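Q: In this note's numbering, the protein residues as written are 329 to 495.
Idealized CB from N, CA, C, for every residue including glycine.
Computed from a predicted structure; not experimentally measured.
The structure's right below; bear with me while I get my questions together.
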Amino acid sequence: MILSKKTICILKGKLQRSVCYLTVIFLPAITWGADPVDREYVIDERGELRAFSRAVATQGGRTIWLAGQTATIDASGNLLIGDFEGQTREIFNILSQRLEHFGGTLSDIVTMTVYINDVRNGDAFVEIRKEQFEEGRYPSSALITVVGFARPEIMIEIKATAVVEGD
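Written out as C-alpha cells, the structure reads:
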C-alpha cells in the first residue's frame, strides 16, 4: 500500500509522537522510492580542486548506505599492504560492485567519509577520487586522518551513501 502525502499528514495528526517518527522515516522509501533521482551539487573553487561538493541535494530515488570498506588484497589476490593507491583503487572497485547490486554506479554516491592513516596520503586520495567522478559532480565528503585501524595493514577506509533510481 502506498500512502499519499495527504494521508501522511492525516496520520501525523492522529498518532502518538513516537509512532510518528517511525512513519516519517518509513514512508519516503515507499512513497518516493521509484522516482528518478534529481541531484543538485554545491561546489566552489576549493571543492573543485579537492574533488568534493560542499553539499549535494537529491530528490527521489532509493538511498543506499555503504558500510566502511577497506582492501588489503585486490580481486586478483595481490597483497596491497603498504600500497595506498592500490588499496584506494580496490575500495572504489568494491564500492562500485556493491552499488551495481542495486542498479547504481559510483556516480550515485552523494556523500562519503574517508579515513586515512597518514595525512601525507590526502593529496593522493584526492587525485584518485577525481578519476572516479565526473568533474563538478563530486560527492560531499569528509577526509579524516586517524591514528590507526582495526588491522595495522589498513591505510584507508571509505564509507558512503548513494541515491539510485529505485523501484
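1) Is DSSP giving D436 helix, strand or coil here?
2) Does the beta-carbon distance from A488 to I437 come in below 9 Å?
3) To the nearest angstrom, report how far apart I482 and W393 are at their CA atoms.
4) Evaluate V384 with the Cβ neighbour count: other Cβ atoms within 10 Å of its Cβ, from every protein chain shown; 16 or more gives buried, anything less gives exposed.
5) My parser needs the alpha helix (DSSP H) runs of 4 or more residues fully inside the segment 432 to 481; what are they?
6) Which word fits D475, buried or exposed, when buried means at least 16 other C-beta atoms lie within 10 angstroms of its C-beta?
7) By the three-class DSSP mapping on this structure, what secondary structure does S404 have?
8) To the nearest angstrom, report how far apart E462 and I409 are at their CA atoms.
9) Which of the three DSSP states, helix, strand or coil, is assigned to E493?
A: Working from what's here:
1) Here D436 sits in helix by DSSP.
2) Cβ distance < 9 Å, so A488 and I437 count as in contact.
3) 21 Å
4) buried
5) 450 to 460
6) Here the sequence assigns Val to residue 475, which means Asp is not the residue at that position. When all chains shown are included, V475 counts as exposed.
7) coil
8) 29 Å
9) In the three-state reduction of the DSSP assignment, E493 falls in the coil class.
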